[in-house]
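**Q**
In the working numbering, the protein residues as written are 3 to 531.
1. State the Cα-Cα distance for the pair residue 358 and residue 290, rounded to the nearest angstrom.
2. Of the residues 402, 186, 256, 508, which one's Cα is nearest the Cα of residue 365?
3. Using 8 Å as the cut-off, can you tell me whether the segment 416-428 makes contact with the segment 479-490, which would need three or more C-beta pairs spanning the two stretches below that distance?
4. Cα separation between residue 182 and residue 369?
5. Following the continuous beta strand (DSSP E) through residue 167, name the residue where it begins and the one where it ends.
6. So residue 163 and residue 308 are in contact, right, with Cβ under 8 Å, and what is the actual spacing, rounded?
7. Return the chain-ordered list of same chain residues with a C-beta closer than 6 Å to the C-beta of residue 315, the five sequence neighbours on each side being excluded.
8. Count the other CB atoms, across all protein chains shown, that sit within 10 Å of the CB of residue 118; report buried if there are 16 or more and exposed otherwise.
9. Only counting runs of 3 or more residues, tell me where the beta strand (DSSP E) segments fall wholly within the segment 243-319, in order along the chain.
10. At which residue ranges does the segment 189-242 contain complete alpha helix (DSSP H) runs of 4 or more residues, listed in the order of the chain?
11. Do residue 271 and residue 238 have their CB atoms nearer than 7 Å?
12. Report the residue from 520, 320, 292 whose alpha carbon sits nearest the alpha carbon of residue 328.
13. Quick check: what's the CA-CA separation for residue 131 versus residue 115?
14. Would residue 516 count as contacting chain D if we go by Cβ distances under 7 Å?
15. Give a yes or no on whether the C-beta atoms belonging to residue 333 and residue 151 are separated by under 7 Å.
16. Do you know whose CA, among 343, 175, 323, 467, lies nearest residue 288's CA?
17. Per DSSP, residue 474 forms a beta bridge with which residues?
18. Could you please give the first and the last residue of the uninterrupted beta strand (DSSP E) stretch that includes residue 179?
19. Check for me: the beta strand (DSSP E) holding residue 383 runs from which residue to which?
20. Could you tell me which of 296, 491, 502, 527 sits nearest to residue 262, measuring between CA atoms?
21. Compute the beta-carbon to beta-carbon distance between residue 149 and residue 317, rounded to the nearest angstrom, for a pair I have assumed lies under 8 Å.
22. Looking only at its chain, what residues have a beta carbon closer than 6 Å to the beta carbon of residue 124, apart from the 5 residues adjacent to it on each side?
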């Protein structure tokens with residue numbers, strides 16, 4: 003910042019602008035250290051320097067030298083960081099890791115262990131506690147330097163039983179599953195079909211009194227999973243829209259792309275002030291069957307759900323760390339979520355993510371001097387608690403570590419199945435553009451394309467990203483992911499060992515290079531946080 007000012011001292015408006023920023027930051031620092039009761043709106047109290055100083059700065063290019071002097075003395079006035087650099091030696095080690103990852107079956111074995119020994123891992127269940135103990139033991143078995151847990155408390159939801167039947171002359175059972183967060187209840191009523199959520203939201207209040215609202219929205223298949231957004235909005239917003247219309251219950255076509263008789267569960271929400279109603283998802287074939295029955299005439303349905311909230315539960319984020327060789331207090335975060343829904347064994351969602359990132363960290367931890375040695379920074383692998391019901395593990399971690407956000411260099415999460423990674427992008431600022439390019443260069447032999455500006459962070463990282471964490475995205479092919487997602491069909495036999503190994507290689511390369519970089523990737527507290 004200083005060099006342009008020295009070269010262009012006659013641009014007094016720029017000088018004033020810089021001075022105003024300095025004054026605001028100086029005031030923030032003053033109040034942080036001298037007034038612990040300062041307003042959270044930190045720049046509102048003294049947004050401008052005194053008029054006499056502004057006039058002086060405007061009239062004289064001498065202000066530049068004053069700024070330089072002040073900048074040298076005040077940490078708040080800092081020059082933009084220099085370029086982030088990845089050494090050539092790190093690139094050579096990354097190539098070694100890439101080959102080791104491709105040859106490794108460790109992630110496959112870890113995923114098999116979690117899905118077989120623990121099985122379904124509904125947050126708050128007995129299996130949740132066993133999964134935490136499993137993760138602690140697995141990190142230790144894999145040679146992580148530090149292993150610990152951090153508590154995560156959340157409301158506990160339980161599923162007990164569920165059924166649905168068409169009544170009348172065409173009586174027959176339907177395959178359904180309760181949506182997470184649904185209350186218990188048995189409802190009989192006429193079914194009213196809507197093509198999408200907007201159609202349901204448009205009906206007059208009270209017009210569905212005593213009826214069952216049915217949203218028959220068909221989710222579209224896409225490699226990047228973009229079809230899931232509209233489908234998941236039906237699940238999250240449909241029940242509240244149905245309540246406003248007076249409905250006694252809500253059912254939906256599953257947010258999935260398969261044609262199997264496997265309903266997709268997932269969390270739903272009820273807007274504040276509304277009394278929850280039973281809410282469930284039909285399998286895709288059953289939704290289509292119900293639509294055909296409705297074409298024959300009015301159709302009544304009985305829906306019976308036994309499920310609901312049952313107090314609070316405290317689970318744990320489980321954390322394993324491979325210590326860095328020079329700056330171990332600085333960390334690169336990778337991970338997947340430990341919990342799953344209860345219908346399948348949670349293989350692609352998200353035992354695979356846990357296996358991929360545990361294996362990637364373990365490979366880095368085993369690097370010897372002949373391989374190039376460990377990176378300067380630490381690799382922190384997190385098995386997140388209760389992602390499925392509201393990113394609870396991610397929120398707890400963000401709150402617990404907000405004060406040391408700048409020590410978290412960058413984060414990435416594997417939570418989109420077990421398909422091959424096809425793209426890489428990050429939130430890296432301009433000064434880290436060369437480092438991002440070098441990471442992309444090291445990933446290219448794995449068939450991974452650099453996709454700057456695309457995508458966003460993994461779900462559990464979102465709460466920390468909102469506070470200023472830099473993120474990276476290793477985009478997995480999700481073309482078939484929503485065939486299995488949140489269904490009984492999400493089981494270990496769907497895992498492709500070769501695709502899993504490619505993921506391990508990619509995560510190991512990314513994490514190692516980010517941890518070896520000289521300079522940062524943009525993590526910093528956001529203004530106003």
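Glycine included, each C-beta is placed from N, C-alpha and C at the ideal position.
**A** Reading from the atomic positions:
1. The sequence position of residue 358 within the chain shown is 356, counting from 1. The sequence position of residue 290 within the chain shown is 288, counting from 1. Answer to the nearest angstrom: the Cα atoms are 37 Å apart.
2. Walking along the chain shown from the start, residue 365 turns up at place 363. When only C-alpha atoms are compared, the closest one is 508.
3. yes
4. As a first step, residue 182 is located in the chain shown; it is residue number 180 there, counting from the start. As a first step, residue 369 is located in the chain shown; it is residue number 367 there, counting from the start. So the two alpha carbons sit approximately 43 Å from each other.
5. Taking the chain shown and counting its residues from 1, one reaches residue 167 at position 165. Residue 167 -> beta strand (DSSP E) spans 148-168.
6. Mapped onto the chain shown, residue 163 falls at position 161. Mapped onto the chain shown, residue 308 falls at position 306. Right, their Cβ atoms sit about 4 Å apart.
7. Taking the first residue of the chain shown as 1, we reach residue 315 at position 313. Excluding positions up to five away in sequence, the list reads 126, 158.
8. Residue 118 sits at position 116 when you count from the first residue of the chain shown. That one is exposed.
9. As summarised for the segment 243-319, the continuous beta strand (DSSP E) elements at least 3 residues long and confined to that stretch are 251-255, 281-284, given in chain order.
10. 199-203
11. Counting from 1 along the chain shown, the entry for residue 271 is found at position 269. Counting from 1 along the chain shown, the entry for residue 238 is found at position 236. In contact: residue 271 and residue 238 (Cβ atoms closer than 7 Å).
12. As a first step, residue 328 must be located in the chain shown, where it is residue number 326. The shortest C-alpha separation from residue 328 is found at 520.
13. By 1-based counting over the chain shown, the position of residue 131 is 129. By 1-based counting over the chain shown, the position of residue 115 is 113. When rounded, the distance between both Cα atoms is 16 Å.
14. Structure shown: chain D not included; a single protein chain is present.
15. Numbered from 1 along the chain shown, position 331 holds the residue referred to as residue 333. Numbered from 1 along the chain shown, position 149 holds the residue referred to as residue 151. Going by C-beta atoms, residue 333 is not nearer than 7 Å to residue 151.
16. Indexing the chain shown from 1 puts residue 288 at position 286. Of 343, 175, 323, 467, the residue nearest in Cα terms is 175.
17. Indexing the chain shown from 1 puts residue 474 at position 472. In DSSP, residue 474 forms a bridge with 428.
18. For this step, residue 179 is matched to residue 177 along the chain shown. 178-180 is the span of the beta strand (DSSP E), which, as asked, contains residue 179.
19. One-based indexing of the chain shown puts residue 383 at position 381. Start and end: 379-386.
20. Locating residue 262 in the chain shown gives position 260, counting from the first residue. Ranking 296, 491, 502, 527 by Cα distance to residue 262 puts 491 first.
21. Reading the chain shown from its first residue, position 147 is the one you call residue 149. Reading the chain shown from its first residue, position 315 is the one you call residue 317. Taking a contact as a CB-CB distance under 8 Å, the pair residue 149 and residue 317 does not count as one, their CB atoms being some 16 Å apart.
22. Taking the first residue of the chain shown as position 1, residue 124 is located at position 122. Once the five neighbours on either side are set aside, the close Cβ partners of residue 124 are 344.
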